[in-house]
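Asker: In the working numbering, the protein residues as written are 241 to 345.
For glycine and all other residues, C-beta sits at the position ideal for the given N, C-alpha and C.
Structure incoming, see below.
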């Protein structure tokens, strides 16, 4: 389908192919748009993004530029722009629970 259209492009991911409109837009751009649109771009904001797929690397790159934190969810270490890694969704749950405990003190 992507090959048949000049308006779509195919990107790969973990066990998935994504069809995207051929625009200069990715998950990093989407996160930046959300942060800017919500006014969450000041020095008192620490953006945090968790992702488990190649397509999340754009968001990790954007966070590197903005002083945010990227967390890769993967069972094994791999090349990534994320700052940290959690092994699996259960570890994500434990991390988010611990984070909630810290920020609500």
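According to the neighbour-count rule (16 or more other Cβ atoms, all chains shown, within 10 Å of its Cβ), is residue 324 buried or exposed?
Answerer: In the chain shown, the residue the question calls residue 324 occupies position 84. Flag for residue 324 reads exposed.
Asker: So, helix, strand or coil for residue 295, using DSSP?
Answerer: Position 55 of the chain shown holds residue 295. If DSSP states are grouped into helix, strand and coil, residue 295 belongs with the helices.
Asker: DSSP three-state label for residue 242, please.
Answerer: On the chain shown, position 2 is the one that residue 242 refers to. With a pLDDT of 48 at residue 242, under the threshold of 50, the predicted position of this residue should be treated as unreliable, and no value is reported.
Asker: Where does residue 271 sit, in a helix, a strand or coil, going by DSSP?
Answerer: Here the question's residue 271 lines up with position 31 in the chain shown. Here residue 271 sits in helix by DSSP.
Asker: Mind checking who residue 310 pairs with in its DSSP beta bridge?
Answerer: Reading the chain shown from its first residue, position 70 is the one you call residue 310. Partner(s): 289.
Asker: Output needed for residue 312: all residues of its chain with C-beta closer than 6 Å, excluding positions within five of it in sequence on either side, in chain order.
Answerer: In the chain shown, residue 312 corresponds to position 72, counting from 1. Contacts found: 320, 322 and 325.
Asker: By how many angstroms is the C-alpha of residue 305 removed from the C-alpha of residue 338?
Answerer: Position 98 of the chain shown holds residue 338. Position 65 of the chain shown holds residue 305. The C-alpha of residue 338 lies about 26 Å from the C-alpha of residue 305.
Asker: Just list the residues that DSSP pairs residue 319 with in beta bridges.
Answerer: For this step, residue 319 is matched to residue 79 along the chain shown. Residue 319 is not bridged to any residue.
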